[in-house]
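Asks:
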Amino acid sequence: MEFNLNKMIRPHLVGVKSYQTLRDSYINKQAVYLDANENPFGEFNRYPDGDPIKLKKKLAEINLAKTENLFLGNGSDELIDLTMRIFCEPTKDSIMIMNPSFVMYEIYAKMNNLQVEKLQLNSDFELEKGKFLNTISTSQAKVLFLCSPNNPTGNSISDLEFYIQNFKGIVVVDEAYIEFSPADSAVKLLYKYPNLIVLKTLSKAFGMAGLRIGVGFASAEIASLFIQLKPPYNISSESQKLALEQLNQVQEIENNIGFILEEKEKLKKGLDQINEVVKIYSSDANFFLIEFKDAQLIYQKLLDKNILTSLRHPNLKNCLRISVGAAQENSELLKVLSEIDEL
Ligand code: PMP
1 MEFNLNKMIR PHLVGVKSYQ TLRDSYINKQ AVYLDANENP FGEFNRYPDG DPIKLKKKLA
61 EINLAKTENL FLGNGSDELI DLTMRIFCEP TKDSIMIMNP SFVMYEIYAK MNNLQVEKLQ
121 LNSDFELEKG KFLNTISTSQ AKVLFLCSPN NPTGNSISDL EFYIQNFKGI VVVDEAYIEF
181 SPADSAVKLL YKYPNLIVLK TLSKAFGMAG LRIGVGFASA EIASLFIQLK PPYNISSESQ
241 KLALEQLNQV QEIENNIGFI LEEKEKLKKG LDQINEVVKI YSSDANFFLI EFKDAQLIYQ
301 KLLDKNILTS LRHPNLKNCL RISVGAAQEN SELLKVLSEI DEL
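Each residue of the sequence shown is one higher than the last, beginning at 1 in my numbering.
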């Protein structure tokens, strides 16, 4: 069936115009700025560029994409929320998510008053094609959220294209952890699927969680919808400047990813020696989902030593999600775990 974007958008948003200012065409020019009720004094007195083209160019270059296909959010969290607000009618529409997956999909669905349909993953946390086809045959879900590598399980979706191809609505592929993974990014599928949105973030592999920058990729039509409908000036001027500086340090970013992946291997070997560990799930990300004999106990014992981990979903009984830290942090973790073993 032919994909019709105008039929996907919430009807009252078709053709809507966003907040626009004269300033948009005067970015980086010398002028007398009396149009935006700013304060003439101070270091941060001016509003930032609402659609930061320099940063977008750099991100397009890194991701082998075009700037017209790119849009930015205050973290990819903001883009998840915007996706629902652009395409789903509160109280009427539903989204579809994998279970378990990133918790914010469900939280934003609740905030937007949307129903949530869940695709239960199998015992290896994989999607099953037959089950998927069955579920979508009776579903009216407008947006499907696929997370690959998946948080909190760590594994990637195999044959991602199959799911994009078969879903009638919008498919969001959340690639927050893709740079840690050997898998290819779905950005290169954009030319084939007009219903595809890919989300990335500078919070993980790029090490800039504090700057709050999420990056969306989609057809030029969808990208301009997000740009029209996002909150004005959603990326602060400091974030724009610092992100651009960091992104120019490609070698440092690559070294850090390499270091994290080496540490991940070492951590895995260390965890294999811990008696309390029942299973370490295979991970393409910078964390492990680990089943313990008693996860609650381990969680508390680690917390008593000021080591914070994440006690996962109620349906992931006895599992903790543990990030790969710096060498010193990982050895502290292993030391405390081996002490618990000896109790
Ligand atoms: N998607 C996934 C799968 C995540 O794990 C996270 C952060 N934990 C996000 C999106 C949000 O990232 P941010 O808002 O920092 O870009």
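Where a beta carbon is used, it is the ideal one built from N, C-alpha and C, also for glycine.
Keep in mind the model is a prediction, meaning the values are calculated, not measured.
Following a CB-centred definition, is Ile213 positioned closer than 8 angstroms to any heavy atom of ligand 1?
Replies: yes
Asks: Is Leu5 near Glu221, with beta carbons less than 9 angstroms apart?
Replies: A contact, by the Cβ cut-off of 9 angstroms.
Asks: Taking the straight line between their C-alpha atoms, what separation do you get for Leu70 and Lys230?
Replies: 13 angstroms
Asks: Using only Cβ atoms and a threshold of 6 angstroms, which residues come within that distance of a heavy atom of ligand 1? Order them by chain position.
Replies: Gly75, Ser76, Asp77, Phe102, Cys147, Asn151, Asp174, Ala176, Thr201, Ser203, Ala209, Gly214
Asks: Distance, Cα to Cα, Gly216 vs Ile197?
Replies: Cα to Cα, the separation comes out at about 7 angstroms.
Asks: Look up Met96 in the DSSP assignment and say whether it is helix, strand or coil.
Replies: strand
Asks: Mind reading off the beta-carbon distance from Gly75 to Ser239? Whole number of angstroms is fine, and I expect it under 8 angstroms.
Replies: That belief does not hold up - the Cβ atoms of Gly75 and Ser239 are roughly 10 angstroms apart, past 8 angstroms.
Asks: Less than 9 angstroms between the beta carbons of Leu59 and Ala65, yes or no?
Replies: Taking 9 angstroms as the Cβ cut-off, Leu59 and Ala65 qualify as a contacting pair.
Asks: Could you spell out where the beta strand (DSSP E) holding Asp174 opens and where it closes?
Replies: 170 to 174
Asks: Determine, using beta-carbon pairs with one atom in the stretch 131 to 142 and one in the stretch 251 to 265, whether at least three such pairs fall under 8 angstroms.
Replies: Three or more beta-carbon pairs separated by less than 8 angstroms are not found between the stretch 131 to 142 and the stretch 251 to 265, which leaves the two stretches without contact.
Asks: Looking only at DSSP bridge pairs, what is Lys279 linked to?
Replies: Glu291
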